[in-house]
């Protein structure tokens with residue numbers, strides 16, 4: 001295990017990290033088991049692909065809410081926007097969101113041009129729309145998840161909102177990379193040893209290794225990509241590392 005962790009740490013160094021190996025999409029045990037495929041054997045080497053998956057819980061969330069108001073004049077739209085912004089912020093703070101977790105973006109405005117009955121656009125301004133984005137950055141992922149399901153009540157009260165889904169992320173990925181690669185390398189070693197034994201050989205040292213991209217997906221998902229994936233739709237996530245290891249044979 002010392003050798004596999006050493007290789008994992010080397011591979012994470014910029015001079016050793018090789019990205020581009022297509023991740024396994026079939027047969028992967030998403031509950032923490034490991035998988036091996038794509039075997040090829042030369043005269044003195046055996047190359048095996050191993051993988052390791054770990055379930056983690058998001059510890060950060062970003063949530064964006066856009067407040068809109070429309071009026072006949074730009075000044076009226078801006079004036080109408082302010083009460084809705086205040087009501088939205090009061091709702092958030094009343095439900096446990098700290099003022100320091102709420103960031104207000106710039107106020108945007110644009111004209112809405114009149115459209116004729118036949119669908120033709122005109123240069124005549126029919127109204128103006130003003131909007132501001134509220135961005136909530138928080139560690140209280142469960143609280144924000146609940147609020148995202150409750151804030152719709154403001155819509156029934158006449159507040160014009162565009163509500164984006166919360167984006168859940170995991171901040172400790174760098175701390176998990178080495179361990180996941182070590183586990184994937186150990187998985188490859190076990191599979192290679194079983195194959196070598198069937199051929200009457202024994203494994204020697206690692207000759208080379210190439211890492212695949214890391215995949216962060218919803219639990220038990222098979223939605224992966226060649227360039228990696230990072231799902232932000234769920235609090236629970238599966239982190240998967242894949243590595244191709246060539247072993248020398250005795």
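Numbering (the UniProt record's numbering), first residue to last: 1 to 250.
Glycine included, each C-beta is placed from N, C-alpha and C at the ideal position.
- Query: Does DSSP put residue 44 in a helix, in a strand, or in coil?
  - Reply: Looking up residue 44 in the chain shown gives position 44. If DSSP states are grouped into helix, strand and coil, residue 44 belongs with coil.
- Presumed contact (8 Å Cβ cut-off) between residue 56 and residue 239, rounded CB distance: For the purposes of this step, residue 56 is identified with residue 56 of the chain shown, where counting begins at 1. For the purposes of this step, residue 239 is identified with residue 239 of the chain shown, where counting begins at 1. Confirmed, about 6 Å.
- Query: Do three or more CB pairs link the region 139-151 to the region 44-53 at distances below 8 Å?
  - Reply: no
- Query: In chain order, which continuous runs of the beta strand (DSSP E) of length 3 or greater are located wholly inside the region 172-216?
  - Reply: 203-211
- Under 8 Å Cβ to Cβ from residue 25, same chain only, skipping five residues before and after it: list those, please. As a position in the chain shown, residue 25 is number 25, starting the count at 1. Since pLDDT at residue 25 reaches only 35, below the 50 mark, its modelled position is unreliable, and no value is offered.
- Query: Would you call the CB atoms of residue 251 and residue 242 closer than 8 Å?
  - Reply: With the chain represented from 1 up to 250, any question about residue 251 goes unanswered, as that position is not in the structure.
- Under the three-state reduction of DSSP, which class applies to residue 158: helix, strand or coil? What you label residue 158 is simply residue 158 of the chain shown in a count that begins at 1. In the structure shown, residue 158 sits in coil (DSSP, three-state: anything other than H, G, I, E or B).
- Please indicate yes or no: does the CB of residue 219 lie closer than 7 Å to some heavy atom of the ligand ATP? With respect to the ligand ATP, the structure shown offers nothing to examine, as it has no ligands at all.
- Take the Cβ of residue 33 as the centre, count every other Cβ of all protein chains shown within 10 Å, and call the residue buried at 16 or more, exposed below. On the chain shown, residue 33 is found 33 positions in, with the first residue counted as 1. In this prediction, residue 33 scores a pLDDT of 35, lower than 50, which makes its location untrustworthy; no coordinate-derived value is stated.
- Query: Is residue 27 buried or exposed, if buried means 16 or more other CB atoms sit within 10 Å of its CB?
  - Reply: As a working note, residue 27 is residue 27 in the chain shown. At residue 27 the pLDDT is 37, less than 50, meaning the model places this residue with poor confidence; the figure from the coordinates comes in the next sentence. Exposed, by the Cβ-count rule.
- Can you name the residues that DSSP bridges to residue 242? As a first step, residue 242 must be located in the chain shown, where it is residue number 242. In DSSP, residue 242 forms a bridge with 51.
- So, is residue 183 buried or exposed, given that buried needs 16 or more other C-beta atoms within 10 angstroms? Locating residue 183 in the chain shown gives position 183, where the first residue counts as 1. Burial call: buried.
- Query: Do you know how far the Cα of residue 83 is from the Cα of residue 254?
  - Reply: What the structure shows of the chain is the stretch from 1 to 250, and residue 254 is not part of that stretch, so it cannot be assessed.
- Can the beta-carbon of residue 52 be found closer than 8 Å to that of residue 231? Here residue 52 corresponds to residue number 52 of the chain shown, with the count starting at 1. Here residue 231 corresponds to residue number 231 of the chain shown, with the count starting at 1. The answer is no: Cβ separation not under 8 Å.
- Is it the case that the Cβ atoms of residue 202 and residue 250 are separated by a distance below 8 Å? Reading the chain shown from its first residue, position 202 is the one you call residue 202. Reading the chain shown from its first residue, position 250 is the one you call residue 250. Yes; because the gap between Cβ atoms is below 8 Å, this pair is in contact.
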